[in-house]
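S.K.: For what it's worth, UniProt numbering labels the leading residue of the sequence shown as 1, then goes sequentially.
Ideal Cβ positions, reconstructed from N, Cα and C, are used throughout, including at glycine.
Please read all numbers here as calculations on a predicted model, not as lab measurements.
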Amino acid sequence: MIRVLIADDQALMRAGFRALLDAEDHLEVVGEANDGTSAVHLARCLRPDVVLMDVQMPGLDGIEATRRIAADPDLAAIRVLILTNYGLDSYVFAALRAGASGFLLKDADPADLLHAVTVVARGDALLAPTVTRTLISEFVAGPPPPVPTAGRDVLTAREQEIVELVARGLTNDEIATRMVISPLTAKTHVNRAMTKLYCRDRAQLVVWAYESGLITPRRR
1 MIRVLIADDQ ALMRAGFRAL LDAEDHLEVV GEANDGTSAV HLARCLRPDV VLMDVQMPGL
61 DGIEATRRIA ADPDLAAIRV LILTNYGLDS YVFAALRAGA SGFLLKDADP ADLLHAVTVV
121 ARGDALLAPT VTRTLISEFV AGPPPPVPTA GRDVLTAREQ EIVELVARGL TNDEIATRMV
181 ISPLTAKTHV NRAMTKLYCR DRAQLVVWAY ESGLITPRRR
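1. Between the beta-carbon of Gly31 and the beta-carbon of Asp61, is there less than 8 Å?
2. Note down the Cα distance separating Ile181 from Met57, rounded to an integer number of angstroms.
3. Measuring straight from C-alpha to C-alpha, what distance separates Glu174 and Val190?
4. Return helix, strand or coil for Glu32, following the three-state DSSP convention.
5. Classify Asp74 as helix, strand or coil using the three-state DSSP reduction.
6. Can you list, in chain order, the residues of its chain whose CB lies under 7 Å from that of Ala43, leaving out five sequence neighbours each side?
7. Under a Cβ-count criterion, where at least 16 other Cβ atoms within 10 Å of its own Cβ denotes burial, should Val140 be classed as buried or exposed?
8. Among Leu114, Arg200, Thr188 and Gly59, which residue has its Cα nearest to the Cα of Arg18?
9. Hey, how far is the Cα of Leu184 from the Cα of Asn85?
10. Look up Val80 in the DSSP assignment and say whether it is helix, strand or coil.
11. Can you tell me where the beta strand (DSSP E) holding Gly102 begins and where it ends?
12. Using the rule of at least 16 other Cβ atoms within 10 Å of the residue's Cβ for burial, across every protein chain shown, is Cys45 buried or exposed?
13. Quick check: Ala203 and Gly102, are their CB atoms within less than 8 Å of each other?
14. Enumerate in chain order the residues of its own chain whose CB-to-CB distance from Pro110 is below 7 Å, with the five nearest sequence positions on each side excluded.
15. How many angstroms separate the CA atom of Thr171 from the CA atom of Met53?
16. Could you check which residue in Gly151, Arg47 and Glu211 has the C-alpha nearest to that of Val29?
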């Protein structure tokens, strides 16, 4: 059973998400928050597996709420899935830097939302290729990033290659096919790279890859 906390300032949106999630046998909505402060408080009290987090909320916004949840060692097992009405813009990078494990627009198909919750809950968070391309575009347009705390020298050549593929939006199965290795071996390399780079999940690995200069964004 995947336990979900919904954080959105619109009661109608919360009700819609609750109805969708509660209809699934493997999902359970354990609480609702109408602002970022309540989201952080309920995350600490309820310890959900996933928080569906709106970006724009009164008081403490979703980005800062995500940052506080991700920074709390006691909440390390909680994954945050960002939901927003806004286009794929700077919110993507801000959310990932804050510690979000995924990013989804509110107009996504219900099936996509259910799939995203399941993926994020199991720790395999990864932006869809279309979102990754937009993230790259935002990265190119923005100011130079800060130097990451962990450098490329901590990774082996094989790990660097795999991190690059992760940042390009490939799944473990796709990486395995590309590199002619087993999916389990690909996952092992990805997990080892995350450990070395202090990345809590694959989404953070994407951010690191671009901030470190491991790969150069491809301009469209």
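M.R.: Based on what the coordinates show:
1. Taking 8 Å as the Cβ cut-off, Gly31 and Asp61 do not qualify as a contacting pair.
2. Note on geometry: alpha-carbon atoms of Ile181 and Met57 lie some 44 Å from one another.
3. Distance from the CA of Glu174 to the CA of Val190, rounded to the nearest whole angstrom, comes to 13 Å.
4. Here Glu32 sits in strand by DSSP.
5. Residue state, collapsed to three classes: helix.
6. Setting aside the 5 residues that flank it on each side, Ala43 is surrounded in the same chain by Leu5, Val51, Ile69, Leu75 and Ile78, each with a C-beta closer than 7 Å to its C-beta; the list follows chain order.
7. Low confidence applies here, because Val140 scores a pLDDT of 49, under 50, leaving its location unreliable and the question unanswered by this model.
8. For the residues Leu114, Arg200, Thr188 and Gly59, the minimum Cα distance to Arg18 belongs to Leu114.
9. Each residue's alpha carbon lies about 36 Å from the other.
10. Three-state DSSP puts Val80 in a strand.
11. Membership of Gly102 in the beta strand (DSSP E) is indicated by the continuous run Gly102 to Leu105.
12. Exposed.
13. Between Ala203 and Gly102, the C-beta gap is smaller than 8 Å, which places the two residues in contact.
14. Only Leu20 meet the Cβ criterion.
15. In a straight line, the C-alpha of Thr171 is about 24 Å away from that of Met53.
16. Of Gly151, Arg47 and Glu211, the residue nearest in Cα terms is Arg47.
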